[in-house]
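> Questions regarding the structure given below will be posed in turn.
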Amino acid sequence: MGRLGPLLPGKVGNAGRSAADNRLFLNAVPWIARSGAPWRDLPERFEPWNSVYRRFRRWAQKGVWQRVFQAVQDPALDWMMLDSTSVRAHQHAAGQKAAPQPKPSAVRTGVLPASSTPL
Numbered sequence: 002m003g004r005l006g007p008l009l010p011g012k013v014g015n016a017g018r019s020a021a022d023n024r025l026f027l028n029a030v031p032w033i034a035r036s037g038a039p040w041r042d043l044p045e046r047f048e049p050w051n052s053v054y055r056r057f058r059r060w061a062q063k064g065v066w067q068r069v070f071q072a073v074q075d076p077a078l079d080w081m082m083l084d085s086t087s088v089r090a091h092q093h094a095a096g097q098k099a100a101p102q103p104k105p106s107a108v109r110t111g112v113l114p115a116s117s118t119p120l
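2 is the number of the first residue of the sequence shown in my numbering; add one for each residue after it.
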């Protein structure tokens with residue numbers, strides 16, 4: 002927590018209760034973002050989901066996340082732009098499988114004569 006420690010609330014000198022472990026909380030938030038799961042599905046190895054959610058919301062309202070993102074942002078990348086030509090797609094994004102072809106009819110396989118042919 003070298004670069005982030007001074008930016009986070011709950012440190013010595015701040016009013017209120019000091020956080021027991023910011024690292025556990027800072028691991029829970031990206032888990033939610035990556036998985037897209039609702040807060041209630043947060044694994045038990047993290048703090049109770051409601052505590053994590055309330056803390057996340059308080060930090061957002063106080064602007065803590067904004068300060069953290071500004072601190073970890075690499076200023077040399079301000080000009081960088083990513084688009085579909087520079088990002089490799091996942092292998093399953095390569096396209097839809099071809100639709101199954103209809104089975105040849107009995108007429109085309111020679112079982113029955115074509116309709117224009119006299120019987």
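Ideal placement from N, C-alpha and C gives every residue a C-beta, glycine not left out.
Remember, predicted model here, so these are calculated numbers, not experimental data.
Given that a residue counts as buried once 16 or more other Cβ atoms are within 10 Å of its Cβ, and exposed if not, what is residue 53?
Taking the sequence shown and counting its residues from 1, the one referred to as residue 53 is at position 52. The residue in question, residue 53, is buried, as its Cβ has 16 or more Cβ neighbours within 10 Å.
> Give the range of the alpha helix (DSSP H) segment to which residue 32 is assigned.
Mapped onto the sequence shown, residue 32 falls at position 31. Start and end: 23-36.
> For the alpha helix (DSSP H) containing residue 47, name the first residue and the last one.
Translated into the one-based positions of the sequence shown, residue 47 becomes position 46. Taken as a continuous stretch (DSSP letters only), residue 47 belongs to no alpha helix (DSSP H), as it is neither H nor E.
> Among 27, 4 and 71, whose alpha-carbon lies nearest the alpha-carbon of residue 56?
Reading the sequence shown from its first residue, position 55 is the one you call residue 56. Nearest option by C-alpha distance: 27.
> Using the Cβ count rule (16 or more neighbours within 10 Å means buried), how would you classify residue 38?
As a working note, residue 38 is residue 37 in the sequence shown. Residue 38 should be labelled exposed.
> Over the uninterrupted alpha helix (DSSP H) stretch that includes residue 67, give me the two end residues.
On the sequence shown, residue 67 is found 66 positions in, with the first residue counted as 1. Per DSSP, residue 67 belongs to the alpha helix (DSSP H) from 65-73.
> For residue 40 and residue 58, I'd like the C-alpha separation in whole angstroms.
For the purposes of this step, residue 40 is taken as the residue at position 39 of the sequence shown. For the purposes of this step, residue 58 is taken as the residue at position 57 of the sequence shown. Roughly 12 Å between the two C-alpha positions.
> Check residue 4 in the structure and name its three-state DSSP category.
Position 3 of the sequence shown, counted from the start, is the residue given in the question as residue 4. Coil, per DSSP.
> Taking Cβ positions, are residue 46 and residue 8 nearer each other than 7 Å?
Stepping through the sequence shown from its first residue, residue 46 is reached at position 45. Stepping through the sequence shown from its first residue, residue 8 is reached at position 7. For residue 46 and residue 8, no; Cβs fall outside 7 Å.
> Under 6 Å Cβ to Cβ from residue 23, same chain only, skipping five residues before and after it: list those, please.
Position 22 of the sequence shown holds residue 23. The residues are 9.
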